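Everything on this sheet refers to the single structure shown next.
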Amino acid sequence: MIVLPGQPVSDNSDKIKHRESVYERSDKLISSTIGKLSKSEDSIRVESAHKNAQPLPEIDSEVLATVVRLNSKQATLQLDVIDGVPCTNNSQDSSFQAILRSQDVRQTDKDRVKMYNCVRPGDIVRASVISLGDAKNYYLSTAKNELGVVFATSEYGNPMIPISWESMKDIQTDTIEQRKCAKPTPL
């Protein structure tokens, strides 16, 4: 049985010794959260429905996102991981979308950023949420050294490795492409 906050879950509070996510009012036990009710003779518990809920991005959340679209002023990304928790609901209509604007790519020379030289569709980017944005998009930044592209494939479809903060090399053809690379973080 699913219960809502404020809903009575038991009339006899005296016999219940073990209680979880409930409180007592006028000899009744009341649910303090939304969730599934489980009862026994001496215990009552409401298991929160939010326990395995989808994480929500907040300001300063660190995310991993995939670049979906790109134009000269911004990149559109789909959030895959929020603060280390995978997004489980990544169907096209219910996924979190975010925007990486050219002025938020790096800390210096913001006016000379060319988006195609920083990220490309299919790249996986580590970024920080800087604004909750509007109803459709969050706004991201890669302006810190540890933020930027963490995985990319070359135009030939081969994996690439970073060779500097602004370029990556195709491991099979040795072709170099420009990206705003994330500084590797220690394990």
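Adding 865 to a residue's 1-based position in the sequence shown gives its number in the numbering used here.
All residues carry an ideal CB built from backbone N, CA and C; glycine is no exception.
The structure presented is a predicted model; accordingly, all values stated were derived computationally and were not measured.
Could you tell me which residues DSSP pairs with R934 in its beta bridges?
T941
In whole angstroms, give me the CA-to-CA distance for P873 and D907.
17 Å
Using a threshold of 9 Å, state whether the C-beta atoms of E927 and S993 are closer than that.
yes
Note down the Cα distance separating E923 from Y1003, rounded to an integer number of angstroms.
Looking at the two C-alpha atoms, the distance is approximately 9 Å.
Taking the alpha carbon of R1044 as the reference point, which residue from K1001, D974, T1038, N982 has its own alpha carbon closest?
Checking every option, the nearest Cα to that of R1044 belongs to N982.
Considering Cα atoms alone, identify which of E885, I867, P1027 is closest to K1048.
Its Cα nearest to that of K1048, the residue P1027 stands out among E885, I867, P1027.
Less than 9 Å separating the beta-carbons of S903 and E889?
no
Leaving out the 5 sequence neighbours to the left and right, which residues in its chain are closer than 8 Å to T931 when beta-carbon positions are compared?
Closer than 8 Å at the Cβ level, and outside the excluded window around T931, lie L942, Q943, D945, G987, D988, I989, V990.
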